[in-house]
Structure formats: structure tokens, C-alpha cells
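If you're matching positions, the sequence shown starts at 692 in my numbering and goes up one per residue.
Cβ coordinates follow ideal geometry from the N, Cα and C atoms, glycine included.
See below for the structure under consideration.
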Amino acid sequence: MHKKLFEMSTEELWQLFPIVLTGHKTYWKDWYTEEARLLHHTLPADQVIRICHIGSTAVAEIHAKPIIDILVETTKNSDFSSLTELLTQAGYLCMSKSRHRSSFNKGYTENGFADQVFHLHLRRFGDHDELYFCDYLNAYPHIAQKYEQLKLELWKQYEHDRDGYTEAKTAFISHYTRCAKAEYGNRYEMIPETAPAAR
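Following this line, the structure appears as C-alpha cells:
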């Protein structure tokens, strides 16, 4: 009998859900679009400012984990508890939470990954460095290729160590996020006129 996910140790989870990189798939955008539509219908519009596709699956032509990362930016006074309940009803599992951030996943099962897998990052509006990083990589394919090469070099070393994999990419991501902010200024700092907006 399989253990439930909440019964597994971190090491057991990393073994069940290893880091896997695959070439870019055009249907990833469709997965995001369908899931964003579901989220628009699930979450109250008066608490959600913006829903966006982030992470490497949102960057053209580079290898990525086949997991769609979604950023949901909320209003300052949104109720994370009620939003968590709504996301849970929509099939998401809360993995971590703090006062201003919560993370969820969908598509993780006791038998491994489902056909479609999502990570959802619930944040207060303004906590969105990933938008700058994605835009910069899409604008500068040679930088995106450098990021892809870094990921491929780290893949097997950290196949069963997600924290180590993430930490090893941090310096690269931080550097080019700063470059993006210097170039793009306050691109994402203004609240969209129509909320929630999808990207």
C-alpha cells in the first residue's frame, strides 16, 4: 500500500518526484491558459489582481521541468485562508504558507506525477520578480540559452534534491532579474485597470 503524500519524508518525495527536464512543448501554453481560466472562475475577482504564467515553461525554446508555474497576485487585504480553501476545492494541495506567500501544487499523486502538473504561487501584489526574469529571457534568447545550459548541467547532480537545484540557480536568476528591472523599470508595478488580468 502506498503512503499518502503527507506521510512521506522530504527524501521520499524527492525520490518519487525527481527533477526531469524536457525540451520545450508548445502545448504548455495551452495547459496554462486552461488552468488560468479555471482559476478565474474559482477565485474571487475582488481579491485577485493578476494571474500569470511564470517559470521556464513560459520561456520559448528552452528545456524545462514539465510543470506549469502560475503566479497569482492578490490584493493587499485578500484573505489567504479563504483563497486556500477555494484552491483546495479546485484540486490544489498547499505545500507551504506564510503571511504573504503560499505555494500549492496540483498533479502530484502517490504514484508519481499526473499527466498535467502545476505549481501555484499565491502572493500579495508586487511580489513578482519572476515576471521580469521571464520577460528578459524571452527578449534575449542567448541569455535563455545560458540559463538552459546551467539547468542541464545541474540536472543529474540535483535530480533528487530540489532545494539544492533551486539554490544552485539563484545567483544566475538574481543577476538577470536585476538586469531586467534596470531595463524595464516599473513595467509590473502598476495595478492593471481590469482585474484580474491574465498573462
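When Tyr831, Gly803, Gln840, Pro832 are compared, the shortest CA-CA separation from Glu703 is found for Gly803. Contact between the stretch 746-765 and the stretch 796-812 is established, with three or more Cβ pairs separated by less than 8 Å.
Secondary structure at Phe804: strand, using DSSP grouped into helix, strand and coil.
For the pair Ser769 and Lys756, the CB atoms are not nearer than the 8 Å cut-off. If only uninterrupted alpha helix (DSSP H) runs of at least 4 residues are considered, those enclosed by the stretch 765-842 are 771-780, 820-830. Distance check between Cys870 and each of Tyr823, Ala751, Asp737 places Tyr823 closest, using alpha-carbon atoms only. Following the DSSP letters along the chain, one finds His866 inside the alpha helix (DSSP H) bounded by residues 853-875. Under the Cβ criterion (8 Å, minimum of three pairs), the stretch 786-800 does not count as touching the stretch 845-862.
For Tyr867 against Tyr827, the beta-carbon gap comes to about 5 Å, under 8 Å, which counts as contact.
Taken in chain order, the stretch 694-737 contains no complete beta strand (DSSP E) segment of 3 residues or longer. Judged by their CB atoms, Asn829 and Val711 are not nearer to each other than the 8 Å cut-off.
Counting only the Cα atoms, Asp818 lies some 16 Å from Tyr875. Counting C-beta atoms within 10 angstroms of its own C-beta, Leu778 has 16 or more neighbours from the protein chains shown and is therefore classed as buried. Shown here, Ala751 sits in coil according to DSSP, grouped into three states, outside any helix or strand.
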